[in-house]
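Asker: One structure coming up, written as structure tokens, with questions to follow.
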Amino acid sequence: MLKSTLRSGIAAIALFAAAPTAMAQELMIGLRAGPDSIDPHWSTLGSQAEALRHVFDTLVDVDEKLQLKPGLAVSWEPIDDTTWEFKMREGVKFHDGTDFTAEDVKFSIERIPQVTGPMPMTLYTKYVDSVEVVDDLTLRVSTKGMAPSLPNDFTRLFVVPSETGMEAGNEEFNSGEKAIGTGPFTFVSWEPKGDLVVEKFDGYWGEEVAWDKVTRREIPDDAARVAALKSGQVDLINYVPATDYLSMQNDDSVETFVSDSVYILNIAPVVKDEEPQPIKVDGKEVEGNPLQDLRVRKALDLAINRDVLVNVVLEGLGTPANQLMPEGFFGYSDKLPKREYNVEKAKELLAEAGYPDGFEMDFTCTNNRVPGDAVVCEALAQMWSRAGLKVNAQALNGTVFFPAAQREEYTMTMSAWGTLTGEAAYTYGALVHTKDPEKGFGNFNRAGYSNPEFDKVFQEGAQTLDAEARRELYEEASYIAMEDRALIPTVILQSVWAAQADKLDFTPRIDQETRAYAITPE
Amino acid sequence: MFGYLVGRLSQAVVVVFVMSVIVFVGVYAIGNPIDVMIDPGATAEIRENLIRKYGLDQPLWRQYFTFVGNVFQGDLGNSMVYNIPVTSLVFSRLPATIELVMVSVTIAAVIGIPAGLYAGYRPNSLGAKLIMALSVLGFSVPTFWIGMLLIMAFAVELGWLPSGGRGEVAEFLWFKTSLATTNGWSHVIMPAINLSLFKMGLLIRLTRAGMVEAMGAEYVRFARAQGLADRQIVFSHILRNISIPVITVFGLELGSTLAFAVVTETVFNWPGVGKLIIDSILQLDRPVMVSYLVMVVILFVAINLIVDLIYARLDPRVRLKGGS
């Protein structure tokens with residue numbers, strides 16, 4: 012009796028669970044992270060921008076390699092040293108049927124400082140001095156000083172209708188009342204950490220979208236995300252862990268997509284006169300800071316076997332890095348050679364620098380920010396021990412690591428840096444340039460690195476509006492910083508997506524965004 | 381009775397106060413939430429402005445008293461990450477957790493107590509030995525691992541049940557619950573079983589221990605001598621006597637499961653409060669941490685109070701006195 016009830020119960024549940032999967036042109040995506048709000052001006056979080064792109068458009072867009080392409084603006088050019096002119100796209104409509112004009116862009120720029128939160132979007136409007144609407148399709152932006160990177164900043168400038176009103180905040184957007192954009196999908200529903208549901212917008216200006224309805228489900232746990240794919244609950248997932256990626260190679264029911272990411276694991280040796288955590292020889296603190304010696308930094312670099320990091324430690328999901336940005340980015344230097352691995356040479360350089368028996372030092376990393384940060388950290392310590400150094404590696408949670416790193420308490424650190432804007436000013440300006448709060452440079456230069464030669468070339472680049480001339484200056488700046496081992500890049504991390512076999516097709520993006528409108532059914 | 385309630389409530393106030401101080405000092409010691417959240421490209425000026433905007437440049441005591449002042453006006457604050465009121469954030473996720481926990485403790489009690497009674501009644505039978513062996517597994521094998529096994533078996537291989545998520549919700553009485561739909565049940569059953577295993581093991585062992593002890597007690601022998609049927613002895617005399625430790629543990633477990641069901645919630649992607657609180661801790665979202673913990677303290681105090689009231693009902697020797 013009990014048995015038969017149980018059996019029919021399970022059968023009923025099974026029937027129910029099996030029923031609602033195959034609906035035409037619906038896409039279910041399982042993602043590691045989602046937005047914090049539907050207000051596109053609330054936060055700079057990457058997963059926020061990624062999700063909101065489905066509903067809102069940005070003024071300037073970026074291609075798969077993060078290089079600029081037209082978005083709501085079809086073209087832009089500097090008309091004098093401190094003014095940029097943007098030409099708007101014609102015939103674009105908001106989801107409520109109103110026309111998109113330059114007035115909406117002006118409103119959106121001015122709205123940002125009013126509503127942005129602890130991950131402030133003012134970052135992208137910091138050069139804006141004032142905005143002038145010339146006509147419906149022309150907008151002029153006056154900048155504070157020369158701002159060659161303004162179009163790059165505007166790749167995160169989401170446009171909302173000027174009727175939104177300054178007082179509307181997160182709650183009005185989350186409820187859908189104000190979630191009106193020009194994007195490929197209209198907003199249906201969302202709640203914090205829950206599903207974001209969107210539907211196709213028929214009046215979209217861009218290429219027609221293949222899906223009628225898209226659900227972006229947040230599944231932060233890696234194993235749960237993989238299980239959701241394997242059990243058919245979702246069609247596509249991002250951030251597949253390395254171990255599952257390996258097993259998926261032998262599984263016909265799933266297909267994988269791999270791409271380089273913008274994230275590179277960089278080592279930052281502190282070159283200040285006094286290192287925060289003592290460096291020791293035979294238990295005694297050494298005079299001065301050995302890391303100030305270029306030969307020591309070169310030795311650290313030479314002792315790193317990047318092929319082992321990629322093939323063994325990261326299970327193949329990486330690419331050796333020789334500078335702070337992936338190839339093809341604005342300011343990537345072609346002149347820099349592939350990094351060499353040579354332990355003998357490393358030992359020689361250490362001996363020349365006066366440390367024939369090496370030294371002992373602390374090395375601190377993050378352990379939860381990007382896949383593989385903790386294992387690379389430990390592998391590096393072992394590699395250095397072959398060159399005669401005793402490195403105490405410690406991998407910490409980001410919650411502990413970042414505030415302490417901000418207070419500059421570590422002698423040498425490793426963390427991931429992503430060139431999210433696709434150009435050198437963002438990365439080299441923040442990490443390598445001499446710390447200068449007034450000019451806004453070197454905010455994340457926690458190593459105390461300062462090189463007048465680099466600063467000069469970089470600043471010249473930052474003051475050059477001509478894109479080609481600027482590119483050359485940035486390439487030279489990259490070259491100088493990397494040859495001086497201001498930071499030591501190790502590996503470019505790769506990112507993996509997995510989908511049901513024969514279900515869909517897409518080109519993975521270097522910024523790791525999963526854009527539903529760029530995915531096509533197979 | 382009234383004095384007793386007042387005593388209990390004032391205890392709760394003290395605990396809430398101490399706990400909120402600990403959270404403030406703890407977050408302050410870790411560092412500045414802005415440094416955890418802020419985008420790497422932000423200028424020093426933007427950072428300074430934010431720190432001032434959120435009052436994080438103030439001395440700790442002033443931050444704390446501002447918070448306490450707001451609480452007395454009924455405002456627990458807005459989440460720094462979501463910028464929506466903390467109360468609505470927590471209450472949007474709490475029903476999912478309550479529902480999961482209720483199903484799981486029911487499963488634990490309905491299976492655990494009878495199984496424990498049987499194992500104590502016939503301690504040497506094969507069935508009893510089997511039950512005891514399984515109960516050891518129940519609280520020694522890690523929850524997340526059993527969860528993964530369940531998912532692999534029932535969702536990935538057999539495809540009978542969904543691998544995670546909450547499923548459809550429907551209106552039941554005055555709130556929305558997934559227990560009102562078949563689809564909802566298909567989602568809740570696996571995580572609930574997973575969450576119940578530990579409690580089930582505990583209940584089995586407690587009930588069995590009480591049962592074995594009671595079987596040799598004077599009153600049982602006396603009842604037998606009177607010629608009462610075993611069924612009557614077990615259910616109306618022994619069960620009542622061994623209920624006190626069982627209910628104590630049950631109450632505590634109920635509280636801790638509600639507060640910390642996070643492992644199961646993560647593995648099954650259950651949209652409960654557990655994941656919310658873990659993320660708030662990682663992002664140092666202080667308003668959410670404080671309010672959530674305040675709610676947990678109140679919950680524990682309430683459960684303990686209910687447990688005490690049940691004691692008094694079960695055992696006439698227990699008297700509730702004021703303040704003690």
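Just so you know, the sequences run in chain order B and L. Position in the first sequence (from 1) plus 11 gives the number in this note's numbering. Position in the second sequence (from 1) plus 380 gives the number in this note's numbering. Quick reminder that beta carbons are idealized off the backbone N, C-alpha and C, glycines included.
DSSP three-state label for B:Met-372, please.
Answerer: Strand.
Asker: Going by Cα to Cα distance, which pick from B:Tyr-135, B:Ala-406, B:Lys-401 is closest to B:Gly-383?
Answerer: Checking every option, the nearest Cα to that of B:Gly-383 belongs to B:Ala-406.
Asker: What in chain L is Cβ-close to B:Leu-134, meaning under 7 angstroms?
Answerer: The answer, in chain order, is Asp-419, Gly-421, Ala-422, Ile-426.
Asker: Quick test of your reading: B:Thr-166 and B:Thr-432, contact by CB under 8 angstroms. State the CB separation rounded to the nearest angstrom.
Answerer: The Cβ separation is near 7 angstroms, so the contact holds.
Asker: What does the Cβ neighbour count give for L:Trp-525, buried or exposed, with the cut at 16 atoms within 10 Å?
Answerer: Result: exposed.
Asker: Kindly indicate which residue of B:Asp-164, B:Gly-108, B:Lys-204 has the alpha-carbon position closest to the one of L:Val-461.
Answerer: Nearest C-alpha to L:Val-461: B:Lys-204.
Asker: Should B:Lys-98 and B:Leu-168 be called a contact, given that it needs their Cβ atoms to be closer than 8 angstroms?
Answerer: Result no, Cβ atoms of B:Lys-98 and B:Leu-168 do not sit closer than 8 angstroms.
Asker: Below 8 angstroms on the Cβ atoms is my contact criterion, and I expect B:Thr-193 with B:Val-103 to pass it. Report the Cβ-Cβ distance as a whole number of Å.
Answerer: About 5 angstroms separates the two Cβ atoms, so the contact holds.
Asker: Between the segment 379-411 of chain B and chain L, which residues of the former have CB atoms less than 9 angstroms from a CB of the latter, in chain order?
Answerer: Here the close residues are Asn-379, Asn-408, Gly-409, Thr-410, Val-411.
Asker: Which class does L:Asn-563 belong to by DSSP, given the choice of helix, strand or coil?
Answerer: Looking at L:Asn-563 - three-state DSSP - the assignment turns out to be helix.
Asker: Under a three-way DSSP split, which group does B:Met-99 fall into?
Answerer: In the structure shown, B:Met-99 sits in a strand (DSSP, three-state: E or B).
Asker: Name the chain B residues whose beta carbon is nearer than 8 angstroms to that of L:Pro-413?
Answerer: The answer, in chain order, is Pro-129.
Asker: For the pair the segment 290-306 of chain B and the segment 471-488 of chain B, tell me if three or more CB-CB distances fall below 8 angstroms.
Answerer: Touching, no, given that fewer than three Cβ pairs across the two stretches are closer than 8 angstroms.
Asker: Identify which residue in L:Pro-522, L:Val-521, L:Gly-544 has its Cα closest to the Cα of L:Met-532.
Answerer: Taking only the C-alpha atoms, the option nearest L:Met-532 is L:Gly-544.
Asker: For B:Gly-399, collect the residues of the same chain with a Cβ closer than 7 angstroms to its Cβ; drop the 5 residues on either side in sequence, then sort them by chain order.
Answerer: Contacts found: Lys-358, Leu-361, Asp-368, Gly-369.
Asker: Using the Cα positions of L:Thr-477 and B:Trp-201, report the straight-line distance between them to the nearest angstrom.
Answerer: Between L:Thr-477 and B:Trp-201, the C-alpha separation is close to 19 angstroms.
Asker: Using only alpha-carbon positions, find the residue among L:Ile-683, L:Val-614, L:Leu-583 that is nearest to L:Ala-639.
Answerer: Checking every option, the nearest Cα to that of L:Ala-639 belongs to L:Ile-683.
Asker: Would you mind listing the alpha helix (DSSP H) stretches within the segment 216-272 of chain B that are 4+ residues and don't spill past its ends, in chain order?
Answerer: As far as the segment 216-272 of chain B is concerned, its whole alpha helix (DSSP H) runs of at least 4 residues are 233-241, 253-259.
Asker: 8 angstroms is my cut-off, CB to CB: does B:Ala-473 come that close to chain L?
Answerer: Answer no: the Cβ-Cβ gap between B:Ala-473 and chain L never drops below 8 angstroms.
Asker: Starting from L:Ser-472 and walking both ways along the alpha helix (DSSP H), at which residues does that stretch end?
Answerer: Its alpha helix (DSSP H) spans residues 466-501.
Asker: Considering only their Cβ atoms, is the gap separating B:Pro-129 from L:Tyr-434 smaller than 8 angstroms?
Answerer: Contact flag set, yes.
Asker: Please classify L:Arg-442: does DSSP put it in a helix, a strand, or coil?
Answerer: DSSP places L:Arg-442 in helix when its eight states are reduced to three.
Asker: Go ahead and pull the three-state DSSP assignment for B:Leu-70.
Answerer: In this structure, B:Leu-70 counts as coil in the three-state DSSP scheme.
Asker: Counting contacts by CB-CB distance shorter than 8 angstroms, is L:Asn-463 in contact with chain B?
Answerer: Yes, because at least one Cβ of chain B sits closer than 8 angstroms to the Cβ of L:Asn-463.
Asker: Name the chain L residues that come within less than 9 angstroms of B:Ile-230, Cβ to Cβ?
Answerer: Per Cβ cutoff of 9 angstroms: Gly-544, Gly-545, Asn-649.
Asker: Can a CB atom of chain L be found closer than 8 angstroms to the CB of B:Met-34?
Answerer: Because B:Met-34 carries a pLDDT of 46, less than 50, the predicted location of this residue cannot be relied on, and the following value inherits that uncertainty. By this cut-off, B:Met-34 is not an interface position.
Asker: Alpha carbon to alpha carbon, how far is L:Val-668 from B:Asp-140?
Answerer: About 36 angstroms.
Asker: Going straight from the alpha carbon of L:Ile-627 to that of L:Arg-620, what length do you get?
Answerer: Their backbone Cα atoms lie some 11 angstroms apart in a straight line.
Asker: Select from L:Leu-583, L:Glu-598, L:Gln-663, L:Leu-662 the residue whose C-alpha is nearest the C-alpha of L:Gly-730.
Answerer: Given a span of 381 to 704 for chain L in the structure shown, any question on residue 730 of chain L remains unanswerable.
Asker: If you measure from the beta carbon of L:Tyr-340 to each beta carbon in chain B, is any gap under 8 angstroms?
Answerer: Here chain L has residues from 381 to 704 only, and residue 340 of chain L is not among them.
Asker: Please check if any C-beta of chain L sits within less than 8 angstroms of the C-beta of B:Ser-58.
Answerer: No, B:Ser-58 does not count as interfacial toward chain L.
Asker: Are the beta-carbon atoms belonging to B:Val-142 and B:Leu-150 less than 8 angstroms from one another?
Answerer: Cβ atoms of B:Val-142 and B:Leu-150: closer than 8 angstroms.
Asker: For B:Val-143, write down the residues that DSSP places opposite it in a beta bridge.
Answerer: With the sequence shown as reference, residue 143 of chain B is identified as Glu, and Val is not the correct amino acid for it. DSSP output for B:Glu-143 lists B:Arg-151 as bridge partner(s).
Asker: Counting Cβ pairs, one atom from each stretch, are 3 or more of them under 8 angstroms apart for the segment 461-471 of chain L and the segment 653-673 of chain L?
Answerer: Yes, since at least three Cβ pairs between the segment 461-471 of chain L and the segment 653-673 of chain L fall closer than 8 angstroms, the two stretches touch.
Asker: At what residue ranges does the segment 269-326 of chain B contain a whole run of the alpha helix (DSSP H), taking only runs of 4 or more?
Answerer: Counting only runs of 4 or more, we get 305-313.
Asker: Where does B:Asn-576 sit, in a helix, a strand or coil, going by DSSP?
Answerer: What is shown of chain B runs 12 to 533, which leaves residue 576 of chain B out entirely.
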